[in-house]
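Peer 1:
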Amino acid sequence: MKPKIFFICLCLQALSATMWGQTPVVPGTADEEPPKRTNEHPVNFGVKIGFTSSLFLVSQFSVNDVAIDQVQNNYKIGYFGSLFMRINFDRHFLQPEISYNINRCNITFEKPLPDDVPAGTIPEEASITSSIHSIDIPVIYGYNFIKEGPYSLAVFGGPKVRYIWDKKSEVNFENFDQWGIRERLRPLNLSFTAGVAVTISRVFFDFRYDIGLHNISKSVTYEIPASNDAAEETANEIRFHRKDNVLSFSFGILF
């Protein structure tokens with residue numbers, strides 16, 4: 000019996016020696032292993048789709064040398080699709096993108112009245128409806144000020160180069176006195192993009208605002224009626240300068 004007791008005591012002493020100095024890991028403490036981020040890679044690729052709402056900031060708008068001071072923007076929904084690459088630096092990232100956009104907007108205003116009209120005459124309303132197709136290439140810098148496990152909240156901003164496809168785009172002038180009105184758009188434009196993004200694992204939601212930095216309208220021409228003995232196009236009778244600001248929302252996936 001004594002050898003058995005001696006053997007059991009020896010085993011207990013060896014077990015206690017192997018556990019000496021070890022502290023159990025308690026969930027929620029600093030010793031707990033942090034969860035791995037499912038989208039933490041040096042480089043991510045992604046796709047996204049979304050909707051846009053355009054606002055044209057109109058300046059220097061005149062018809063037959065009469066200035067139009069009050070213009071109403073009527074929002075219309077556009078849409079876009081994008082491919083992008085995200086280069087990660089801990090909480091920072093750099094994200095070049097390329098997207099195809101269709102932005103829509105409608106502008107209405109009251110036509111100026113001639114000087115000889117009777118008092119109390121109600122002016123007519125005219126409108127300009129735009130459907131602009133473009134290829135956009137923004138390069139944005141972002142910072143994740145919240146980044147815990149698979150969740151992150153980031154702010155971002157950066158420049159955007161925009162190529163407007165003039166032949167595909169449509170601009171309609173309704174209820175104007177001129178005939179055959181056509182607006183030529185500048186093909187290359189520059190904007191600044193700012194926004195926020197929420198990421199859950201590989202899914203993210205993106206809210207951003209694009210600020211146009213210059214006038215996108217190159218010229219507006221129209222045809223003079225044949226009754227005036229000059230049936231040809233002439234420019235600068237309609238002056239229309241506008242900057243295209245766009246609010247957008249998108250849903251995307253990281254790979």
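Counted from 1, the sequence shown has number 235 at position 236 by numbering that gives the first Met the number 0; the numbering is strictly sequential. Note that the Cβ used here is the ideal one computed from N, Cα and C, for glycine as well.
Please go through the same chain and pick out, in chain order, the residues whose beta-carbon is closer than 8 Å to the beta-carbon of Phe6, but skip the five residues on each side of it.
Peer 2: Position 7 of the sequence shown holds residue 6. Any answer about Phe6 is weak, because its pLDDT of 48 lies below 50 and its placement is not dependable; what the coordinates show is given next. The answer is none, since no qualifying residue turns up.
Peer 1: Identify which residue in Pro137, Cys104, Arg90, Ala193 has its Cα closest to the Cα of Phe144.
Peer 2: Mapped onto the sequence shown, residue 144 falls at position 145. Nearest C-alpha to Phe144: Arg90.
Peer 1: Am I right that Phe55 and Cys104 are in contact with their C-beta atoms under 8 Å? What's the rounded C-beta distance?
Peer 2: Translated into the one-based positions of the sequence shown, residue 55 becomes position 56. Translated into the one-based positions of the sequence shown, residue 104 becomes position 105. With a Cβ gap of about 6 Å, Phe55 and Cys104 count as contacting.
Peer 1: With respect to the beta strand (DSSP E) encompassing Gly141, which residues constitute its N-terminal and C-terminal limits?
Peer 2: The residue you call residue 141 lines up with position 142 of the sequence shown. From DSSP, the beta strand (DSSP E) with Gly141 extends over 124-147.
Peer 1: Classify Val160: buried if its beta carbon has 16 or more other beta carbons within 10 angstroms, exposed otherwise.
Peer 2: By one-based count along the sequence shown, residue 160 stands at place 161. Val160 comes out exposed.
Peer 1: Excluding sequence positions up to five away, which residues of its chain have a Cβ less than 7 Å from the Cβ of Ser61?
Peer 2: Counting from 1 along the sequence shown, the entry for residue 61 is found at position 62. Around Ser61: Ile67, Arg238.
Peer 1: In angstroms with no decimal places, state the Cα-to-Cα distance between Asp209 and Ala153.
Peer 2: Walking along the sequence shown from the start, residue 209 turns up at place 210. Walking along the sequence shown from the start, residue 153 turns up at place 154. If you take the alpha carbons of Asp209 and Ala153, they lie about 17 Å apart.
Peer 1: Looking at the secondary structure, which residues open and close the beta strand (DSSP E) in which Phe60 lies?
Peer 2: Position 61 of the sequence shown holds residue 60. Run containing Phe60: 42-62, per the beta strand (DSSP E) assignment.
Peer 1: Would you mind sorting Lys47 into buried or exposed? The rule is 16 or more other CB atoms within 10 Å of its CB.
Peer 2: To locate residue 47, count along the sequence shown from 1; it is residue 48. Lys47 is buried by the Cβ-count criterion.
Peer 1: Buried or exposed: which applies to Glu169, given that a residue is buried once 16 or more other Cβ atoms fall within 10 Å of its Cβ?
Peer 2: Your numbering for residue 169 matches position 170 in the sequence shown. With fewer than 16 Cβ atoms within 10 Å of its Cβ, Glu169 is classed as exposed.
Peer 1: Quick check on the DSSP output: what are the complete beta strand (DSSP E) runs of length 3 or more inside the stretch 174-249, in order along the chain?
Peer 2: Listed in chain order, they are 178-184, 187-199, 202-211, 216-222, 232-234.
Peer 1: What residue range is occupied by the uninterrupted beta strand (DSSP E) comprising Thr107?
Peer 2: By 1-based counting over the sequence shown, the position of residue 107 is 108. Per DSSP, Thr107 belongs to the beta strand (DSSP E) from 91-109.
Peer 1: Could you tell me whether the Cβ atoms of Gly211 and Lys242 are closer together than 7 Å?
Peer 2: Start at 1 with the first residue of the sequence shown, and residue 211 comes out as number 212. Start at 1 with the first residue of the sequence shown, and residue 242 comes out as number 243. In contact: Gly211 and Lys242 (Cβ atoms closer than 7 Å).
Peer 1: Assign Gly77 to one of three DSSP states: helix, strand, or coil.
Peer 2: Numbered from its first residue, the sequence shown carries residue 77 at position 78. Strand.
Peer 1: In whole angstroms, what separates the C-alpha of Ile134 from that of Gly157?
Peer 2: Numbered from its first residue, the sequence shown carries residue 134 at position 135. Numbered from its first residue, the sequence shown carries residue 157 at position 158. Cα-Cα distance, rounded: 16 Å.
Peer 1: Measuring CB atoms only, is the stretch 196-206 touching the stretch 173-187, in the sense that at least three cross pairs come out at less than 8 Å?
Peer 2: No, the stretch 196-206 is not in contact with the stretch 173-187.
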